[in-house]
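Asker:
There are 2 protein chains.
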Amino acid sequence: MNNLKPSQFLMIPGPTPVPSIVLDAISQHPLGHRSQEFSAIFASVSKELQALAQTKGDAFILTGSGTLAMEAAISNTISPGDKVLSLVTGVFGERWANIAQAYGAQVEKLECQPGKAVDVDQLADRLSADKEKSIKAITITHNETSTGVLNDLRQIAYLTKKHGALSIVDAVTSFGAINIPMDEWHVDVMITGSQKALMLPPGLAIIFFGARAWAAQATCKSPRFYTDLSRYKKSLAANTVPFTPNVSFVCGLQKSLQLIQDEGIAIVQARHLKLRTMLRSGLRALGLRLLVDDDFASPTITAILPPENISVADIRKGLKEDFNIVVADGQESLQGKIFRIGHMGYVFERDILMTLACLHAVLKKLGYEALQSPIQAAVQTLSIKR
Amino acid sequence: MNNLKPSQFLMIPGPTPVPSIVLDAISQHPLGHRSQEFSAIFASVSKELQALAQTKGDAFILTGSGTLAMEAAISNTISPGDKVLSLVTGVFGERWANIAQAYGAQVEKLECQPGKAVDVDQLADRLSADKEKSIKAITITHNETSTGVLNDLRQIAYLTKKHGALSIVDAVTSFGAINIPMDEWHVDVMITGSQKALMLPPGLAIIFFGARAWAAQATCKSPRFYTDLSRYKKSLAANTVPFTPNVSFVCGLQKSLQLIQDEGIAIVQARHLKLRTMLRSGLRALGLRLLVDDDFASPTITAILPPENISVADIRKGLKEDFNIVVADGQESLQGKIFRIGHMGYVFERDILMTLACLHAVLKKLGYEALQSPIQAAVQTLSIKR
Numbered sequence: 001m002n003n004l005k006p007s008q009f010l011m012i013p014g015p016t017p018v019p020s021i022v023l024d025a026i027s028q029h030p031l032g033h034r035s036q037e038f039s040a041i042f043a044s045v046s047k048e049l050q051a052l053a054q055t056k057g058d059a060f061i062l063t064g065s066g067t068l069a070m071e072a073a074i075s076n077t078i079s080p081g082d083k084v085l086s087l088v089t090g091v092f093g094e095r096w097a098n099i100a101q102a103y104g105a106q107v108e109k110l111e112c113q114p115g116k117a118v119d120v121d122q123l124a125d126r127l128s129a130d131k132e133k134s135i136k137a138i139t140i141t142h143n144e145t146s147t148g149v150l151n152d153l154r155q156i157a158y159l160t161k162k163h164g165a166l167s168i169v170d171a172v173t174s175f176g177a178i179n180i181p182m183d184e185w186h187v188d189v190m191i192t193g194s195q196k197a198l199m200l201p202p203g204l205a206i207i208f209f210g211a212r213a214w215a216a217q218a219t220c221k222s223p224r225f226y227t228d229l230s231r232y233k234k235s236l237a238a239n240t241v242p243f244t245p246n247v248s249f250v251c252g253l254q255k256s257l258q259l260i261q262d263e264g265i266a267i268v269q270a271r272h273l274k275l276r277t278m279l280r281s282g283l284r285a286l287g288l289r290l291l292v293d294d295d296f297a298s299p300t301i302t303a304i305l306p307p308e309n310i311s312v313a314d315i316r317k318g319l320k321e322d323f324n325i326v327v328a329d330g331q332e333s334l335q336g337k338i339f340r341i342g343h344m345g346y347v348f349e350r351d352i353l354m355t356l357a358c359l360h361a362v363l364k365k366l367g368y369e370a371l372q373s374p375i376q377a378a379v380q381t382l383s384i385k386r
Numbered sequence: 001m002n003n004l005k006p007s008q009f010l011m012i013p014g015p016t017p018v019p020s021i022v023l024d025a026i027s028q029h030p031l032g033h034r035s036q037e038f039s040a041i042f043a044s045v046s047k048e049l050q051a052l053a054q055t056k057g058d059a060f061i062l063t064g065s066g067t068l069a070m071e072a073a074i075s076n077t078i079s080p081g082d083k084v085l086s087l088v089t090g091v092f093g094e095r096w097a098n099i100a101q102a103y104g105a106q107v108e109k110l111e112c113q114p115g116k117a118v119d120v121d122q123l124a125d126r127l128s129a130d131k132e133k134s135i136k137a138i139t140i141t142h143n144e145t146s147t148g149v150l151n152d153l154r155q156i157a158y159l160t161k162k163h164g165a166l167s168i169v170d171a172v173t174s175f176g177a178i179n180i181p182m183d184e185w186h187v188d189v190m191i192t193g194s195q196k197a198l199m200l201p202p203g204l205a206i207i208f209f210g211a212r213a214w215a216a217q218a219t220c221k222s223p224r225f226y227t228d229l230s231r232y233k234k235s236l237a238a239n240t241v242p243f244t245p246n247v248s249f250v251c252g253l254q255k256s257l258q259l260i261q262d263e264g265i266a267i268v269q270a271r272h273l274k275l276r277t278m279l280r281s282g283l284r285a286l287g288l289r290l291l292v293d294d295d296f297a298s299p300t301i302t303a304i305l306p307p308e309n310i311s312v313a314d315i316r317k318g319l320k321e322d323f324n325i326v327v328a329d330g331q332e333s334l335q336g337k338i339f340r341i342g343h344m345g346y347v348f349e350r351d352i353l354m355t356l357a358c359l360h361a362v363l364k365k366l367g368y369e370a371l372q373s374p375i376q377a378a379v380q381t382l383s384i385k386r
């Protein structure tokens with residue numbers, strides 16, 4: 001016998017909550033992918049994405065997970081033997097290195113301690129030391145999902161451009177929630193996924209590809225077919241795609257981009273900053289330690305250390321069983337050491353307050369006494385203008 | 001001002017109509033992809049797919065289009081320099097050759113006239129001539145979407161196995177609608193997509209991978225990451241996937257597989273055969289010529305030549321404008337020369353009758369006099385047991 005319980009609420013770093021209007025759009029009968037109706041939608045979505053990235057480069061929609069777009073970024077720019085410098089701040093930074101290695105690149109990693117951001121001075125030194133300019137590309141995770149670190153993409157892309165290398169950027173958990181003026185910042189390749197700040201379920205990936213990336217593509221020797229961006233470029237000119245796309249999700253994306261436009265992109269981004277501040281204040285009031293310093297704390301993901309003698313598993317179990325709220329464990333070396341709360345996309349102040357209140361209750365049940373009321377602390381930040 | 005009109009009805013070879021219960025499933029809030037709920041669904045769907053393919057090999061669900069699964073088939077089995085014999089009956093047969101070429105294979109094509117099936121004797125001769133057994137794999141399109149030809153997969157896979165080569169099969173528009181006992185027929189690798197007989201929108205691809213394919217994979221040197229099936233194998237053992245999947249569509253797939261099971265797979269397949277017979281009888285009553293002989297006519301797609309002096313474009317336009325029914329043009333060299341009606345998945349007798357009746361009306365409006373009533377001819381076939 002099952003008791004009635006509230007629907008599962010995702011406070012993980014993706015999939016994230018999806019607005020009803022988007023769910024309605026994806027539940028319509030699929031359009032034919034070669035129909036005029038679909039082409040019109042496809043054209044408008046592609047232009048809207050380009051505008052959101054503030055780029056004159058191309059925006060391609062791939063049917064697949066974010067990792068597919070990461071592979072497309074590599075398979076279109078890196079040939080076997082090319083030197084790639086991977087800036088690794090966690091699991092997803094490591095993934096760039098693994099993909100580049102799979103394509104035969106010589107990968108050098110610049111690794112950070114978990115919870116730390118890329119040290120821009122260290123990067124500058126490493127590039128200065130590369131006198132013969134052998135580093136062809138730099139890979140970087142803008143917002144590291146495994147730790148909740150926001151890297152200084154502007155500085156990193158600037159140094160990379162100055163060095164004459166390509167910047168290849170994972171913006172899966174930042175795009176839409178954080179301002180990334182791609183061209184102004186000299187970002188060459190950027191990828192994202194549908195299930196984060198774009199407020200869709202997982203299933204679409206997006207890759208932005210600038211002029212310098214096309215120059216690299218022209219001589220790139222890596223094999224590719226489904227990820228061959230030349231095919232997408234040719235099709236995009238006719239407002240279509242080379243392979244049957246997830247038409248349902250493209251229609252959903254049109255709706256979610258409209259929601260972002262209606263709210264106003266600056267307000268969307270300010271909301272994410274506000275949620276970060278609220279959540280961090282509330283967590284500190286509870287007496288919990290945060291993995292990441294304020295200086296480079298992500299506006300979309302927060303990693304928290306459990307109190308002494310209370311396990312991450314018990315906290316997650318309590319939130320799930322008592323409130324049907326899902327938060328994420330740490331990944332790989334951080335498994336069981338941190339838990340992660342996602343706050344990107346269709347997430348609002350009331351969700352943060354609910355999560356803090358429920359976490360408070362769960363910790364109390366587990367025998368932990370909070371320092372202060374997390375709600376009071378979080379509510380206080382609401383009046384702060386930022 | 002728009003008049004109210006019926007919803008768009010797809011009689012194309014995919015996307016195909018989607019049952020409401022499936023649309024409802026995909027419009028639920030997405031589950032977390034690492035949740036127990038999702039793992040349970042994922043495990044059952046994977047097993048159900050395996051059962052449908054009648055294989056002891058693996059069934060992997062990839063988030064992507066069918067072409068992604070084709071690429072996975074090649075990137076996991078073919079190394080640069082390997083010899084691949086591509087049996088080409090149309091656009092999708094050609095695609096196998098192109099993907100294998102992109103991965104550096106030595107590709108030899110055995111090409112058929114458009115509308116013809118692979119000549120099994122010719123294949124047997126070609127294999128006999130390969131004394132040194134240099135042909136490592138054969139690619140074949142079971143059901144060629146561009147022409148509506150059903151190839152004799154059983155014979156082709158048998159000859160391939162006997163020769164010691166791998167059979168790599170595109171079953172995108174046949175899987176589910178046509179019986180394919182994968183192991184009994186010695187098929188090594190088989191791929192399909194969600195938007196055909198599986199009755200979902202496009203967005204998922206499925207790859208079946210047998211024991212001999214794994215042996216080839218162990219020494220395969222092609223670069224791959226998102227399509228690396230070793231990663232999927234490892235994850236499947238824990239009822240999960242290596243990269244965030246389209247959880248919504250996996251939940252939809254659970255529903256559509258249940259519908260297939262409820263109808264009974266033998267009845268589903270008999271229905272497709274019946275629809276083929278109905279449609280072909282009706283079209284012939286109209287006096288239209290069919291591209292493909294009865295002997296190898298597809299149970300899921302029918303290609304039709306337009307009457308003299310009437311263009312494919314006008315027929316498609318008439319069906320779209322007057323009835324909001326979409327049928328497909330020919331592809332590439334067959335563009336404007338044929339039109340194609342898809343009848344796979346969630347398609348029933350009434351849909352065939354409706355399409356024939358509307359086609360009758362459109363042709364009449366375009367000045368063409370039908371030979372006989374297509375409805376009468378189609379209805380007569382309903383009593384035929386097959």
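In order, the protein sequence lines correspond to chains A and B. Using the working numbering, the first residue of the first sequence is number 1, and each one after it goes up by one. Using the working numbering, the first residue of the second sequence is number 1, and each one after it goes up by one. Even for Gly, the Cβ is constructed at its ideal location relative to N, Cα and C. Only a predicted model underlies this, so the values are computations on that prediction, with no experimental measurement involved.
Would the beta-carbon of valine 172(B) fall within 9 Å of that of threonine 139(B)?
Answerer: no
Asker: In whole angstroms, give me the CA-to-CA distance for glycine 32(A) and glutamine 335(A).
Answerer: 44 Å
Asker: Report yes or no: is there a C-beta of chain A within less than 9 Å of the C-beta of tyrosine 103(B)?
Answerer: Yes, tyrosine 103(B) lies at the interface with chain A (some Cβ there is under 9 Å from its Cβ).
Asker: Please name the residue in Phe225(A), Ser7(A), Ile338(A), Arg289(A) whose C-alpha comes closest to that of glutamine 101(B).
Answerer: Phe225(A)
Asker: Hey, does histidine 142(B) have any beta-carbon neighbour from chain A nearer than 9 Å?
Answerer: no
Asker: Along chain B, in chain order, which residues have C-beta atoms closer than 8 Å to that of serine 256(A)?
Answerer: Those within 8 Å of serine 256(A) in chain B number zero; the least Cβ separation is about 13 Å.
Asker: Is it right to say lysine 162(B) is buried, meaning 16 or more other beta carbons lie within 10 angstroms of its own, or is it exposed?
Answerer: exposed
Asker: Taking leucine 21(B) as part of the alpha helix (DSSP H), name the residues at either end of that continuous run.
Answerer: First, the amino acid is wrong: residue 21(B) is isoleucine here, not leucine. 20-26 is the span of the alpha helix (DSSP H), which, as asked, contains isoleucine 21(B).
Asker: Spell out a yes or no on whether the stretch 237-246 of chain B and the stretch 338-355 of chain B are touching, meaning 3 or more CB-CB pairs, one atom from each, closer than 8 Å.
Answerer: no
Asker: Can we say the stretch 68-77 of chain A touches the stretch 166-183 of chain A, given the rule of at least three CB pairs closer than 8 Å?
Answerer: yes
Asker: Thinking C-beta only, is aspartate 293(A) closer than 9 Å to glycine 115(A)?
Answerer: yes
Asker: So for phenylalanine 323(B), helix, strand or coil by DSSP?
Answerer: helix
Asker: From the DSSP output, in three-state form, read off aspartate 170(B) for me.
Answerer: strand
Asker: Since valine 118(B) contacts isoleucine 156(B) with CB under 8 Å, what's their CB separation in whole angstroms?
Answerer: Going by Cβ atoms, the distance from valine 118(B) to isoleucine 156(B) rounds to 6 Å, so yes, they are a contact pair.
Asker: Note the first and the last residue of the continuous alpha helix (DSSP H) segment covering aspartate 125(B).
Answerer: 120-129
Asker: Under three-state DSSP, which class holds methionine 190(B)?
Answerer: strand
Asker: Looking at C-alpha atoms only, which residue of Gly148(A), Thr244(A), Ile265(A), Lys364(A) is the closest neighbour of alanine 295(A)?
Answerer: A small correction: the amino acid at residue 295(A) is aspartate; alanine does not occupy that position in the sequence shown. Closest option to aspartate 295(A), Cα to Cα, is Gly148(A).
Asker: How is serine 333(B) classed by DSSP in three states: helix, strand or coil?
Answerer: helix
Asker: Just how far apart, CA to CA, sit lysine 337(B) and leucine 62(B)?
Answerer: 35 Å
Asker: Tell me, please, whether the stretch 358-365 of chain A touches the stretch 201-217 of chain A by the rule of three or more beta-carbon pairs shorter than 8 Å.
Answerer: The answer is no - the stretch 201-217 of chain A does not touch the stretch 358-365 of chain A, with fewer than three Cβ pairs under 8 Å.
Asker: Listed in chain order, which residues of the stretch 245-269 of chain A have Cβ atoms closer than 7 Å to some Cβ of chain B?
Answerer: Flagged, chain order: Pro245, Asn246, Val247, Ser248, Phe249.
Asker: Answer yes if the stretch 7-17 of chain A comes into contact with the stretch 193-200 of chain A, meaning at least three C-beta pairs across the two stretches below 8 Å, and no otherwise.
Answerer: yes
Asker: Exposed or buried, which one is phenylalanine 208(A) when buried takes at least 16 other CB atoms within 10 Å?
Answerer: buried
Asker: According to DSSP, is aspartate 82(B) part of a helix, a strand, or is it coil?
Answerer: coil
Asker: Can you check which of these residues, Ser75(A), Phe243(A), Ser222(A), is closest to phenylalanine 92(B) by C-alpha distance?
Answerer: Phe243(A)
Asker: Any idea which residues DSSP pairs threonine 244(B) with across the strands?
Answerer: In DSSP, threonine 244(B) forms no bridge with anything.
Asker: For a cutoff of 9 Å on Cβ pairs, would you count threonine 63(B) as touching chain A?
Answerer: yes
Asker: Short of 8 Å in beta carbon distance, which residues of its chain neighbour leucine 382(A), apart from the five on each side in sequence? Order them along the chain.
Answerer: Closer than 8 Å at Cβ, skipping near neighbours: Lys274, Met278, Glu349.
Asker: Would you say threonine 302(A) faces chain B, with C-beta separation under 9 Å as the test?
Answerer: no
Asker: Please classify threonine 277(B): does DSSP put it in a helix, a strand, or coil?
Answerer: helix
Asker: Since I believe leucine 359(A) is in contact with leucine 305(A) (beta carbons under 8 Å), could you give me their beta-carbon distance rounded to a whole number of angstroms?
Answerer: About 13 Å separates the two Cβ atoms, so there is no contact after all.
Asker: Kindly indicate the opening and closing residues of the alpha helix (DSSP H) around threonine 227(A).
Answerer: Counting along the chain, threonine 227(A) falls outside any alpha helix (DSSP H), and DSSP gives it neither H nor E.
Asker: According to a CB-to-CB cut-off of less than 8 Å, which residues of the stretch 19-36 of chain B neighbour chain A?
Answerer: Leu23, Asp24, Ile26, Ser27, Gln28, His29, Pro30, Leu31, Gly32, His33, Arg34, Ser35
Asker: Could you tell me which residues DSSP puts in a beta bridge with glutamate 111(B)?
Answerer: Answer is Val88(B).
Asker: Just the C-alpha distance for serine 20(B) and tyrosine 232(B), rounded to the nearest angstrom, thanks.
Answerer: 30 Å
Asker: Quick one: which residues of the stretch 71-96 of chain A get their C-beta closer than 7 Å to a C-beta of chain B? List them in chain order.
Answerer: Residues of the stretch 71-96 of chain A whose Cβ lies closer than 7 Å to any Cβ of chain B, in chain order: Glu71.
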